[in-house]
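Trainee: Anchor point for the sequence shown: position 106 equals 106 in UniProt numbering, and the numbering is continuous, going up by one each time.
Glycine included, C-beta positions come from ideal geometry on N, C-alpha and C.
This is the structure I have questions about; it appears just below.
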Amino acid sequence: MSMQVSVDGEDISPDDLQDSDWSVATTKRKLRGTHTPRTETQASVSMHGDVWLPQRSRAAVKKRPIAASTLLHLPRDHHRVIVRHRNGLNMRTVSQIKFEKSLAVAAVLSEEEVTEDVVCPNMMQNIAGISTPVERNARAYSKITAITLGTASFDSSAYRAAPDDPCKGIIRGVDADIGQEQLYSLIVHLRNPTTL
1 MSMQVSVDGE
11 DISPDDLQDS
21 DWSVATTKRK
31 LRGTHTPRTE
41 TQASVSMHGD
51 VWLPQRSRAA
61 VKKRPIAAST
71 LLHLPRDHHR
81 VIVRHRNGLN
91 MRTVSQIKFE
101 KSLAVAAVLS
111 EEEVTEDVVC
121 PNMMQNIAGI
131 STPVERNARA
141 YSKITAITLG
151 TASFDSSAYR
161 AAPDDPCKGI
171 IRGVDADIGQ
181 EQLYSLIVHL
191 RNPTTL
């Protein structure tokens, strides 16, 4: 079914639209709607034990690492420290209370000093985020190299997270002729004053 519209200009016939000079433009939305529906045998499922589970969509898989990598929204004035574990420490199997106490012992902090500190385990990445309003505690947490839980000792590395949620990156391809001051002025300017 064709549609005809009258507008000011030169009259053309529908046959003129089929000439080689004209092309049909399609949108992504139209292309998405043209796929054929999947049959039940084509449905994406995976077997886990005796239970059939549907697999995640691509969008859900993409969102999963992003959600896992974000820290909780903690007060901006707090200092944040990230603790990564090695030697098989699994955050899913460890008691939260025992873990918090072992962090305080590893950082050589008393129970009174850590009352305002918040420990946020990230089970998906197997790390822990520590938020503290006290600078001294943040320095102590960042020096942790090992955590002892019961009789087992686990190597750990701790580092302080950057404040105010900045992004980190490496600038590649910088011309060697550009000096330090000129490079600094290209990065930090009126539109971007808090870059470095």
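What are the boundary residues of the beta strand (DSSP E) that includes Ile-147?
Mentor: 146 to 149
Trainee: Looking at Ile-130 and Ile-82, is the spacing between their C-beta atoms short of 9 Å?
Mentor: Contact: yes.
Trainee: Just reading off the alpha helix (DSSP H) that Asn-90 is part of, what are its end residues?
Mentor: Run containing Asn-90: none; DSSP gives neither H nor E here.
Trainee: Which term fits His-189, buried or exposed, when burial requires 16 or more other beta carbons within 10 angstroms of its beta carbon?
Mentor: exposed
Trainee: Can you tell me which of the three DSSP states Ile-178 falls into?
Mentor: coil
Trainee: Take the Cβ of Val-174 as the centre, count every other Cβ of all protein chains shown within 10 Å, and call the residue buried at 16 or more, exposed below.
Mentor: exposed
Trainee: Are there three or more Cβ pairs, one per stretch, closer than 8 Å when the region 136 to 145 is compared with the region 105 to 123?
Mentor: yes
Trainee: Taking the alpha helix (DSSP H) that Ala-140 belongs to, which residues open and close that run?
Mentor: Here the alpha helix (DSSP H) through Ala-140 covers 135 to 142.
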